[in-house]
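Student: Before we start, here is the structure in question, set down as structure tokens.
Protein chains: 2
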Amino acid sequence: MAVYTEVDPDDLAALVARYDIGTVLSCKGIAEGVENSNFLLETTGGRFILTLYEKRVQAGDLPFFVDLLGHLANQGCPVPAMIRDRGGDAIQQISGRAACIIQFLSGISLTHPTPTQCEAAGRALGAMHRAVAGFSGTRANSMGHRHWRGVATATGDLDAVIPGLQATVDAELAWLDANWPSGLPTHVIHADLFPDNVLVLGDRVTGLIDFYFAATDYRAYDVAVTHASWTFSADGTRCDLDRALALMRGYADEIALSDEEVAALPLLARGASLRFLLTRAHDWVHTPADALVTRKDPSPFLNRLRRYQADDALSLFSAA
Amino acid sequence: MAVYTEVDPDDLAALVARYDIGTVLSCKGIAEGVENSNFLLETTGGRFILTLYEKRVQAGDLPFFVDLLGHLANQGCPVPAMIRDRGGDAIQQISGRAACIIQFLSGISLTHPTPTQCEAAGRALGAMHRAVAGFSGTRANSMGHRHWRGVATATGDLDAVIPGLQATVDAELAWLDANWPSGLPTHVIHADLFPDNVLVLGDRVTGLIDFYFAATDYRAYDVAVTHASWTFSADGTRCDLDRALALMRGYADEIALSDEEVAALPLLARGASLRFLLTRAHDWVHTPADALVTRKDPSPFLNRLRRYQADDALSLFSAA
Chain A
1 MAVYTEVDPD DLAALVARYD IGTVLSCKGI AEGVENSNFL LETTGGRFIL TLYEKRVQAG
61 DLPFFVDLLG HLANQGCPVP AMIRDRGGDA IQQISGRAAC IIQFLSGISL THPTPTQCEA
121 AGRALGAMHR AVAGFSGTRA NSMGHRHWRG VATATGDLDA VIPGLQATVD AELAWLDANW
181 PSGLPTHVIH ADLFPDNVLV LGDRVTGLID FYFAATDYRA YDVAVTHASW TFSADGTRCD
241 LDRALALMRG YADEIALSDE EVAALPLLAR GASLRFLLTR AHDWVHTPAD ALVTRKDPSP
301 FLNRLRRYQA DDALSLFSAA
Chain B
1001 MAVYTEVDPD DLAALVARYD IGTVLSCKGI AEGVENSNFL LETTGGRFIL TLYEKRVQAG
1061 DLPFFVDLLG HLANQGCPVP AMIRDRGGDA IQQISGRAAC IIQFLSGISL THPTPTQCEA
1121 AGRALGAMHR AVAGFSGTRA NSMGHRHWRG VATATGDLDA VIPGLQATVD AELAWLDANW
1181 PSGLPTHVIH ADLFPDNVLV LGDRVTGLID FYFAATDYRA YDVAVTHASW TFSADGTRCD
1241 LDRALALMRG YADEIALSDE EVAALPLLAR GASLRFLLTR AHDWVHTPAD ALVTRKDPSP
1301 FLNRLRRYQA DDALSLFSAA
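Quick note, the sequences are listed as chains A and B, same order. Numbering follows my numbering, in which position 248 of the first sequence is assigned residue number 248; successive positions increment by one, without gaps. Here my numbering = 1-based position in the second sequence + 1000.
Okay, here's the thing in structure tokens:
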């Protein structure tokens, strides 16, 4: 929620002149994205997002994101493709940062999705998984389950965040290591499809955005992340079955998960809960309370973890 | 540079439904304005700014701003008028804040204005002064010269900000008190027309924005504030005569200042420099280094003050 880097108007005019998008009419920094500087750019040719990549997105990863979003957009997915300049380049430099001019998508992010909207989100996720199948790029998941122990260690004293958290995390990491499935269907996944990253108009999904955690991993893990982020009360204690089953129904309209994948969903959702619990705990410890970025309370993901640990957790994914 | 308050999509839809502006297509928080939360709102009827007023703007002042901007817009000035809903109300409530939906203006803020752009800014200021003449509203200038001593006192140890600053400020305040002119032409002025508050496309001014310091004061003081903020090097040590005289030439196309006003310009510019020196020193002391709002270095306005104290300062305002 910030603009870290400013753009000089003359530099902006020179950048826009490389494209067939007319001339600049307006450029306003927007409070979107956690780690980049984003501007809503209006030209005589339309509206665009100008993103300057700050430290978290590695410049070396940008060609992967350009290719991925181009592929998905070509397949009809509502994703914000990077625009190419007249020379065919999508990756530019401005204000000392790598930068892209990106397609603008209408829609707003939901804070209280209805079951119908959850179903639409599930369907959009499934359609994205179908579309990504023909994409040949790969990217290691630096936030995947093999890395969670490292995040826990880097956080330091977990008990200072939530009393008793260290023992809970240690036990969960050991259990996940012992039980993590192998050989499930794998391709590039979004890996962070929270409601903030889905744009909606009414009950229609108009945008899947912020693919900067996209990486190669189990597609069922993507379903688990989406389930964990769309179907719980704000404090994470209660999973709303109407929303949860609607999300799964929407996904099933596009993708039939295998029996092995369905059986693994509670475990993968425990993993997803642990992933966001740990990264939020890490950021809680390492972000000053009054910094530019809002710290997010980790405890709602501890509550989700507990819910997914329960014996009846499979019922949150299926009416069967 | 921040969004302090979030807006719930359902509340937003209900707010927009009060107006004849269609339905919401997009709403993005923008990093604009120092003390309000601003959103770029797109509806099926057009683009607007949604502003939620935070602590610095008093709710009781809002009708004054609505009337002022409505008057100026009616006179053809490029200012962002507040839109009225079907019941005629411009001031609304959302997320526990007073809020207005405001006309969107194209254009970008300059960081390095050319002489031609300075001339256009001077002309736009003069045209605004002509247009405001028929406006009957008044507002006491809470940042006017009678209040600067109070800002200095509230800042605390000025020497901790810049060594020797306390003595400089004490002497300047005494001199300004002894020499402040009386009876100069007075009406509502912008009082903060820095380049960030002027939108430009090429050499054309397309918007004068952020009127939330607008108050009743000498019109020549408004000229002095604009001169101090448009015509100096970034460090405030050097006034660019080409830009300075262009600004004055543009203003003179619209308004002929009296001899008394011209003679007072160096003094008023010393006052303007002191005003921004003091408020920046105050915010420097009272804003944590890592807070949401960027602190601005006060020293460039100490340098401007010194420049305007020089014997030849009148030459910065006139080629005569």
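For every residue, glycine included, the Cβ atom is placed at its ideal position computed from N, Cα and C.
#1: Below 8 Å, how does it come out for the region 81 to 90 of chain A and the region 160 to 174 of chain A: are there three or more Cβ pairs, yes or no?
#2: Does the count of Cβ pairs from the region 234 to 244 of chain A and the region 146 to 157 of chain A closer than 8 Å reach three?
#3: Do you know how far the Cα of residue 1096/B is from the Cα of residue 1056/B?
#4: Spell out a yes or no on whether the region 1245 to 1259 of chain B and the region 1119 to 1136 of chain B are touching, meaning 3 or more CB-CB pairs, one atom from each, closer than 8 Å.
#5: For the region 14 to 28 of chain A, enumerate the residues whose C-beta is nearer than 9 Å to any C-beta of chain B, in chain order.
#6: With distances taken between CB atoms, is the gap from residue 77/A to residue 13/A smaller than 8 Å?
#7: Using a Cβ-Cβ cut-off of less than 9 Å, give me the residues of the region 106 to 126 of chain A that come near chain B, in sequence order.
#8: Using a C-beta to C-beta distance shorter than 7 Å, which residues of chain B count as neighbours of residue 297/A?
#9: In the DSSP assignment, find the alpha helix (DSSP H) that holds residue 221/A and state where it starts and stops.
#10: Threshold first: 3 residues or longer. Then list the beta strand (DSSP E) segments lying entirely within the region 1146 to 1213 of chain B, N to C.
#11: I want to verify the contact list: residues of chain A whose CB lies under 7 Å from the CB of residue 1209/B, in sequence order.
#12: What residue from 104/A, 19/A, 98/A and 74/A has the CA that sits closest to residue 47/A's CA?
#13: Got a sec? Which residues, its chain only, sit under 8 Å from residue 202/A by beta carbon, not counting five neighbours each side?
#14: Taking the beta strand (DSSP E) that residue 1053/B falls in, what are its first and last residues?
#15: Evaluate residue 230/A with the Cβ neighbour count: other Cβ atoms within 10 Å of its Cβ, from every protein chain shown; 16 or more gives buried, anything less gives exposed.
#16: For residue 217/A, is the classification buried or exposed, using 16 other Cβ atoms within 10 angstroms of its Cβ as the cut-off for buried?
#17: For residue 1266/B and residue 60/A, what's the separation of their Cα atoms in angstroms?
#18: Starting from residue 7/A, follow the beta strand (DSSP E) in both directions and report where the run begins and ends.
#19: Any Cβ of chain B within less than 8 Å of the Cβ of residue 9/A?
#20: So that I know if they touch, is there some Cβ in chain B lying closer than 8 Å to that of residue 191/A?
#21: Per DSSP, what are the beta-bridge partners of residue 322/A in this structure?
#22: Under the three-state reduction of DSSP, which class applies to residue 1027/B: helix, strand or coil?
#23: In whole angstroms, what is the alpha-carbon distance linking residue 242/A and residue 118/A?
#24: Suppose only complete runs of 4+ residues qualify. What are the alpha helix (DSSP H) ranges in the region 243 to 288 of chain A, listed by chain order?
#25: Given a threshold of 16 other Cβ atoms within 10 Å of its Cβ, counted over all protein chains shown, does residue 1129/B qualify as buried or as exposed?
#26: Just to make sure I have the definition right: I need the residues of chain A whose C-beta is within less than 9 Å of the C-beta of residue 1042/B. Which are they?
#27: For residue 1239/B, which three-state DSSP category applies?
#28: Can you list, in chain order, the residues of its chain whose CB lies under 6 Å from that of residue 280/A, leaving out five sequence neighbours each side?
#29: The beta strand (DSSP E) that contains residue 42/A, what's its start and end?
#30: Measuring CB atoms only, is the region 1166 to 1182 of chain B touching the region 1204 to 1214 of chain B, in the sense that at least three cross pairs come out at less than 8 Å?
#31: Helix or strand or just coil, what does DSSP make of residue 1082/B?
Tutor: According to the structure shown:
#1: no
#2: no
#3: The residue given as residue 1056/B occupies position 56 in the second sequence. The residue given as residue 1096/B occupies position 96 in the second sequence. Going from the Cα of residue 1056/B to the Cα of residue 1096/B covers about 15 Å.
#4: yes
#5: 23, 24, 25, 26, 27 and 28
#6: As a first step, residue 77/A is located in the first sequence; it is residue number 77 there, counting from the start. As a first step, residue 13/A is located in the first sequence; it is residue number 13 there, counting from the start. Not closer than 8 Å, so no.
#7: 106, 107, 108, 109, 110, 111 and 112
#8: Locating residue 297/A in the first sequence gives position 297, counting from the first residue. Correct list: empty, because the minimum Cβ distance to chain B is about 15 Å.
#9: What you label residue 221/A is simply residue 221 of the first sequence in a count that begins at 1. 219 to 230 is the extent of the alpha helix (DSSP H) around residue 221/A.
#10: 1186 to 1189, 1198 to 1201 and 1204 to 1208
#11: Within the second sequence, residue 1209/B is the residue found at index 209, counting from 1. Going along chain A, no residue has its Cβ under 7 Å from residue 1209/B, so there is no contact; the nearest lies around 11 Å.
#12: As a first step, residue 47/A must be located in the first sequence, where it is residue number 47. Nearest of 104/A, 19/A, 98/A and 74/A to residue 47/A, Cα basis: 104/A.
#13: If you number the first sequence from 1, residue 202/A lands on position 202. Closer than 8 Å at Cβ, skipping near neighbours: no residue.
#14: Within the second sequence, numbered from 1, the residue matching residue 1053/B stands at position 53. Element bounds for residue 1053/B: 1046 to 1053.
#15: Numbered from its first residue, the first sequence carries residue 230/A at position 230. With 16 or more Cβ atoms within 10 Å of its Cβ, residue 230/A is classed as buried.
#16: Position 217 of the first sequence, counted from the start, is the residue given in the question as residue 217/A. Per the 10 Å Cβ criterion, buried.
#17: Here the question's residue 1266/B lines up with position 266 in the second sequence. Here the question's residue 60/A lines up with position 60 in the first sequence. The straight-line gap from Cα to Cα measures roughly 54 Å.
#18: Here residue 7/A corresponds to residue number 7 of the first sequence, with the count starting at 1. Counting along the chain, residue 7/A falls outside any beta strand (DSSP E), and DSSP gives it neither H nor E.
#19: Along the first sequence, one-based indexing puts residue 9/A at 9. So, interface residue.
#20: Within the first sequence, numbered from 1, the residue matching residue 191/A stands at position 191. It does not; no Cβ of chain B falls within 8 Å.
#21: Within the shown structure, residues of chain A are numbered from 1 to 320, placing residue 322/A beyond reach of any answer.
#22: For the purposes of this step, residue 1027/B is identified with residue 27 of the second sequence, where counting begins at 1. Note: residue 1027/B maps to strand in three-state DSSP.
#23: Translated into positions along the first sequence, residue 242/A becomes position 242. Translated into positions along the first sequence, residue 118/A becomes position 118. The alpha-carbon atoms of residue 242/A and residue 118/A are separated by roughly 9 Å.
#24: 259 to 286
#25: Within the second sequence, the letter at position 129 stands for residue 1129/B. Looking at its Cβ environment, which holds 16 or more other Cβ atoms inside 10 Å, residue 1129/B is buried.
#26: To locate residue 1042/B, count along the second sequence from 1; it is residue 42. Correct list: 47 and 106.
#27: In the second sequence, residue 1239/B corresponds to position 239, counting from 1. If DSSP states are grouped into helix, strand and coil, residue 1239/B belongs with the strands.
#28: The residue given as residue 280/A occupies position 280 in the first sequence. Result list for residue 280/A: 296 and 298, in chain order.
#29: Here residue 42/A is taken as the residue at index 42 of the first sequence, counted from 1. Segment 36 to 43, the beta strand (DSSP E) holding residue 42/A.
#30: no
#31: Within the second sequence, numbered from 1, the residue matching residue 1082/B stands at position 82. Residue state, collapsed to three classes: strand.
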